[in-house]
Structures are given as C-alpha cells and as structure tokens.
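Structure, as structure tokens:
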Amino acid sequence: EVGEIKRAVISFLQTIDKVNYEGVPLAIFGATNHQHQLDSAIWRRFTFHLEFDFPNYELRKKIIISFLNRIKIGGIKVENVIFDKLNEEFDRIHSFTIELENKIGNSNSKLNDDFIKEEIEKKGEIDGILTLSHGYSGSDLERGMRVALLKAIGNSEPLKYDTLMNSLKLVGGTKIHVERQDVLSSPIQIANSTKEISPDIKIANYEELTNELPKIIPIIKDILRIIQNKGDLKREYNTGNISEFINIFIEISK
Numbered sequence: 309e310v311g312e313i314k315r316a317v318i319s320f321l322q323t324i325d326k327v328n329y330e331g332v333p334l335a336i337f338g339a340t341n342h343q344h345q346l347d348s349a350i351w352r353r354f355t356f357h358l359e360f361d362f363p364n365y366e367l368r369k370k371i372i373i374s375f376l377n378r379i380k381i382g383g384i385k386v387e388n389v390i391f392d393k394l395n396e397e398f399d400r401i402h403s404f405t406i407e408l409e410n411k412i413g414n415s416n417s418k419l420n421d422d423f424i425k426e427e428i429e430k431k432g433e434i435d436g437i438l439t440l441s442h443g444y445s446g447s448d449l450e451r452g453m454r455v456a457l458l459k460a461i462g463n464s465e466p467l468k469y470d471t472l473m474n475s476l477k478l479v480g481g482t483k484i485h486v487e488r489q490d491v492l493s494s495p496i497q498i499a500n501s502t503k504e505i506s507p508d509i510k511i512a513n514y515e516e517l518t519n520e521l522p523k524i525i526p527i528i529k530d531i532l533r534i535i536q537n538k539g540d541l542k543r544e545y546n547t548g549n550i551s552e553f554i555n556i557f558i559e560i561s562k
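Numbering (the working numbering), first residue to last: 309 to 562.
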C-alpha cells in the first residue's frame, strides 16, 4: 500500500538522521527494486548511486548454457536442439543489433537492451528463450531451469526446448514483477468519467493480458470507484440486476 511505503520511508529517514557519524567510520548501504517509488529525500541521503541492470541477451545466453551444462554433468539428458536454437536466436539478435548500430551510428557503444527488445518486437521476426527472458535476473533463469528440470524428471524424459520455454514463462522475470508492483502501489489519478479513459487494449492470450496490466488496473479501479460512489449503481450491482446496472453505468459514463 502507498501509505505503508510512505510510513516506511519516513521511519527510515528518521533512523538515518539520528545516526551519529562523529568519530565513527560508518557507511550505509541501501538496495531497492522499486527505485521509482523513492522520493528525492531518500536519494539525498546517499552520496553514490549504483545501478545493477538485468543481464543483456549475451549474458543471459551464457547463464542459461552454464545451467544446462551443469544439468548434463549431473546425468540428466538435455536435447541438443536447445543449444541449437539458443545459438540461432543469439546470432539473429546479434545481427539485428549490428544493423541497428549502423542505422543510428552508435557503433562505439553498446545499445540498451530495452531498446533492442522494443525494436525486435516491432519487427516481430525473432522469438525464443533469449527474447522471452528479457528482464530476467540470474535467479529468475535458475528458477525457470529448476521448474523445467523437475518437469523433465517427473515425465522421465530429456529436458526439451519447449519445456524450458514454458517454465521460464511460468516463473516470469523480476522486471515485469517489479513494474506490476509499482503500478499496484502507485497512487492512481482517477478520471472524472469513463469517457476520459482510452485503454486501446486488445487481448488474445494470457501473455498479452500480463503485458497490458498497467493499463487494465487503473480502469478496474475507476470502475470500482464509480460503483462505490453511485448509490443506484451500487444497489443494482449488489442485487444482481445486470441489465439495469449496465444502463445506469452507461448513463453515468456519458
């Protein structure tokens, strides 16, 4: 909750300000996954700010292959198609990245991984484990690997590409989890009417639904706000008179 976060921040600031630094070599380290929710008062208390970004596609490939090799050493069979598809996808992403660098003249420095992912999605021609795992930490990849391994052992079969792909989808990445939490914890600016909401949402499957959550959540909250503050609407909703509920809702939204 937003109120709980604010109270925690105030308590944290008060604790830091009470620390007596005189004659004591003291260093305070802080870490957060929700940097966007911290106000300037927090940032001013820390002289140096270090950002540890998520591993890019090159590092993700190394992490995944390292896990796969450890599984093979442990006596679990891993289908070679996993390595083949990883290498193929890596080569395609790498070639695409070089093309981007040449287009924008940024060959002297590496492109941001988020930018590369956005451009790949626009093109829509590259799809695989490396693309899926954008925003995954090393721990996320390890967790997905464990889920895939348990499925393979449970089915008495080798570790397959599709099993690994689906397991990584299941566990999700830290980046999207943090973004969802930020949306849920942030104050929502409520529109005066549903006319002011322009969701432009098209959902065909679960993956698309999760991607559209930042748009959907404010809309749901706005609908609940209307229901809670309009007596007639609330009554029809509670009594189950759906047709009348819809009519009143449309009238309020005009």
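Virtual Cβ for every residue (Gly too), placed ideally from N, Cα, C.
Euclidean distance between Cα positions of residue i and residue j
i, j, result
"serine 501", "leucine 440", "Because the pLDDT of serine 501 is 40, which lies under 50, any placement of that residue in the model is unreliable, and the number read from its coordinates should be weighed accordingly. Between serine 501 and leucine 440, the C-alpha separation is close to 37 Å."
"glutamate 409", "arginine 315", "45 Å"
"leucine 394", "isoleucine 401", "10 Å"
"threonine 340", "threonine 482", "12 Å"
"methionine 473", "histidine 357", "35 Å"
"leucine 429", "glycine 413", "According to the sequence shown, residue 429 is glutamate rather than leucine. Each residue's Cα considered, the two are about 21 Å apart."
"glycine 383", "isoleucine 461", "11 Å"
"valine 332", "serine 319", "22 Å"
"alanine 335", "threonine 323", "14 Å"
"isoleucine 406", "glycine 436", "19 Å"
"lysine 369", "lysine 411", "25 Å"
"isoleucine 484", "leucine 419", "21 Å"
"glutamate 396", "serine 475", "20 Å"
"serine 464", "asparagine 377", "19 Å"
Residues near residue i in its chain [Cβ-Cβ closer than 6 Å; skip 5 each side]
i, result
"proline 466", "Lys385 and Glu387"
"phenylalanine 327", "The amino acid at residue 327 is misidentified as phenylalanine; the sequence shows valine. Correct list: empty, nothing qualifies."
"aspartate 347", "none"
Residue from the options with nearest C-alpha to residue i
i, options, result
"lysine 477", "Ala460, Gly443 and Glu397", "Gly443"
"valine 455", "Gly432, Val479, Glu359 and Ala316", "Val479"
"phenylalanine 337", "Leu346, Thr355 and Lys326", "Thr355"
"glutamine 343", "Val327, Val332 and Phe360", "Phe360"
"glycine 432", "Ser445, Gly413, Phe404 and Lys411", "Phe404"
"phenylalanine 375", "Leu449, Arg353 and Val332", "Leu449"
"arginine 352", "Asp325, Lys369, Asn420 and Gly436", "Asp325"
"aspartate 399", "Arg451, Ile434, Thr323 and Tyr469", "Ile434"
First and last residue of the uninterrupted alpha helix (DSSP H) at residue i
i, result
"leucine 440", "437-440"
"phenylalanine 398", "388-412"
"tyrosine 469", "469-479"
"isoleucine 428", "421-431"
"asparagine 463", "First-last for asparagine 463: undefined, no H or E at that position."
"asparagine 377", "365-381"
"alanine 349", "348-352"
Residues of its chain near residue i, where Cβ-Cβ distance is below 8 Å and the 5 sequence neighbours each way are ignored
i, result
"alanine 349", "Val317 and Leu321"
"isoleucine 379", "Val386, Met453, Leu457 and Leu467"
"isoleucine 373", "Phe391 and Leu394"
"threonine 471", "Ala456, Lys459 and Ala460"
Cβ of residue i within 8 Å of any chain D Cβ
i, result
"lysine 431", "The structure shown has no chain D; it contains just one protein chain."
Close beta carbons around residue i, own chain, < 7 Å, minus the five adjacent residues each side
i, result
"isoleucine 371", "Pro363, Gly446 and Leu449"
"arginine 451", "Val479"
"valine 389", "Tyr469"
"isoleucine 381", "none"
"glutamate 504", "Residue confidence for glutamate 504 is low, a pLDDT of 42 falling below 50, so the modelled location carries little weight and cannot support an answer."
- Query: Okay, do the stretch 420-427 and the stretch 358-368 touch, 3+ Cβ pairs below 8 Å being the bar?
  - Reply: yes
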